[in-house]
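There are 2 protein chains.
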Amino acid sequence: MSYDVYDSECPARAVLDHVGDKWALLVLHRLSQGSTRFNALRRDIPGLSQKVMSQVLKRLERDGLINRQAFPTVPVTVEYSLTGLGECLTANVGPLLRWAEANMEQIKAAQSAYDARVVEAA
Amino acid sequence: MSYDVYDSECPARAVLDHVGDKWALLVLHRLSQGSTRFNALRRDIPGLSQKVMSQVLKRLERDGLINRQAFPTVPVTVEYSLTGLGECLTANVGPLLRWAEANMEQIKAAQSAYDARVVEAA
Numbered sequence: 141m142s143y144d145v146y147d148s149e150c151p152a153r154a155v156l157d158h159v160g161d162k163w164a165l166l167v168l169h170r171l172s173q174g175s176t177r178f179n180a181l182r183r184d185i186p187g188l189s190q191k192v193m194s195q196v197l198k199r200l201e202r203d204g205l206i207n208r209q210a211f212p213t214v215p216v217t218v219e220y221s222l223t224g225l226g227e228c229l230t231a232n233v234g235p236l237l238r239w240a241e242a243n244m245e246q247i248k249a250a251q252s253a254y255d256a257r258v259v260e261a262a
Numbered sequence: 141m142s143y144d145v146y147d148s149e150c151p152a153r154a155v156l157d158h159v160g161d162k163w164a165l166l167v168l169h170r171l172s173q174g175s176t177r178f179n180a181l182r183r184d185i186p187g188l189s190q191k192v193m194s195q196v197l198k199r200l201e202r203d204g205l206i207n208r209q210a211f212p213t214v215p216v217t218v219e220y221s222l223t224g225l226g227e228c229l230t231a232n233v234g235p236l237l238r239w240a241e242a243n244m245e246q247i248k249a250a251q252s253a254y255d256a257r258v259v260e261a262a
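Line by line, the protein sequences give chains A and B.
Each number in our numbering comes from the position in the first sequence (counting from 1) with 140 added on.
Each number in our numbering comes from the position in the second sequence (counting from 1) with 140 added on.
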């Protein structure tokens, strides 16, 4: 069966919703550097609440992109890592993050120019 | 100045929000095939309302990723195209869309397995 993201019924669109999420991109890219515990992920990605982090991790696990492994320590230790599928996706995520960082000056200049035009026209 | 998307104050995070949006990815990729009118874009991307399409296009224009050109026809014709910056970004978007399409079978299988485990555990 073949999929086309330009078909409104295509299930790949839901996956784009999950992986197109800013937080998911940050989590996937962080995990591409090695498996990580929940608390370490939270520390590495400031601005993300515990609740949202849990939701993001559940979605990515359900999509088969990350593994969740619980160790019987007290308290329980949970570690997340990329699956093979997740690694294959993440190879496409790094360039997007690098691009956003590398082009921020140009984007900020474009935003200022746009806002000035909008004020002028108002 | 350098940017780090893992810094919660980094403005690149807002840009990831815009370009990480599923609809923005679909619009950018469509425009990478050539400049397009508003109505043609809507036709090519079914499932996207006129209102949301307008919002997506405004955000992308403000970020300097697409150009909006109005022609003095009756009624006015508006054409959208990628800027140089948008073209550079879009080179990173295509692989992500192709990836989602190519791996849907594996993702659907993972989702079924996850849902079965969750039902079992409940």
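The beta carbon of each residue, even a glycine, is placed where N, CA and C say it ideally should be.
Please report how far the alpha carbon of residue i lies from the alpha carbon of residue j, in whole angstroms.
{"i": "residue 212(A)", "j": "residue 220(A)", "result": "15 Å"}
{"i": "residue 244(A)", "j": "residue 167(B)", "result": "21 Å"}
{"i": "residue 236(A)", "j": "residue 232(B)", "result": "6 Å"}
{"i": "residue 161(A)", "j": "residue 148(B)", "result": "15 Å"}
{"i": "residue 196(B)", "j": "residue 214(A)", "result": "48 Å"}
{"i": "residue 266(B)", "j": "residue 157(A)", "result": "Since the displayed chain B opens at 141 and closes at 262, residue 266(B) lies outside it and no answer follows."}
{"i": "residue 224(B)", "j": "residue 153(B)", "result": "21 Å"}
Do you know whose CA, among the options, lies nearest residue i's CA?
{"i": "residue 247(A)", "options": "194(B), 206(B) and 214(B)", "result": "206(B)"}
{"i": "residue 217(A)", "options": "153(A), 186(A), 255(A) and 176(A)", "result": "176(A)"}
{"i": "residue 150(A)", "options": "259(B), 253(B), 242(B) and 254(B)", "result": "242(B)"}
{"i": "residue 144(B)", "options": "155(A), 179(A), 186(A) and 143(A)", "result": "186(A)"}
{"i": "residue 164(A)", "options": "253(A), 222(A) and 214(A)", "result": "222(A)"}
{"i": "residue 239(A)", "options": "194(B), 195(B) and 229(B)", "result": "229(B)"}
{"i": "residue 210(B)", "options": "178(B), 189(B), 234(B) and 184(B)", "result": "178(B)"}
{"i": "residue 234(A)", "options": "154(A), 146(A), 181(A) and 173(A)", "result": "173(A)"}
{"i": "residue 208(A)", "options": "251(A), 181(A) and 188(A)", "result": "181(A)"}
{"i": "residue 146(A)", "options": "170(B), 154(B), 146(B) and 194(B)", "result": "170(B)"}
Decide if residue i is buried, meaning its Cβ has at least 16 other Cβ atoms within 10 Å, or exposed.
{"i": "residue 255(A)", "result": "exposed"}
{"i": "residue 226(B)", "result": "buried"}
{"i": "residue 199(A)", "result": "buried"}
{"i": "residue 260(B)", "result": "exposed"}
{"i": "residue 204(A)", "result": "buried"}
{"i": "residue 191(A)", "result": "exposed"}
{"i": "residue 202(B)", "result": "buried"}
{"i": "residue 249(B)", "result": "exposed"}
{"i": "residue 253(A)", "result": "exposed"}
{"i": "residue 258(A)", "result": "exposed"}
{"i": "residue 183(A)", "result": "exposed"}
Problem set entry | Interface positions of the stretch 180 to 192 of chain B facing chain A (Cβ-Cβ less than 9 Å), listed along the chain | 184, 185, 186, 187 and 188
Problem set entry | Members of the stretch 194 to 221 of chain A near chain D, C-beta cut-off 7 Å | Given the protein chain composition of this structure (A and B), no chain D is represented.
For this session: Could you list the residues in the stretch 145 to 158 of chain A with a C-beta less than 8 Å from some C-beta on chain B, going in chain order?
Result: Residues are counted here when their Cβ sits less than 8 Å from a Cβ of chain B; for the stretch 145 to 158 of chain A these are 145, 146, 147, 148, 150, 151, 152, 153, 155, 156 and 157, given in chain order.
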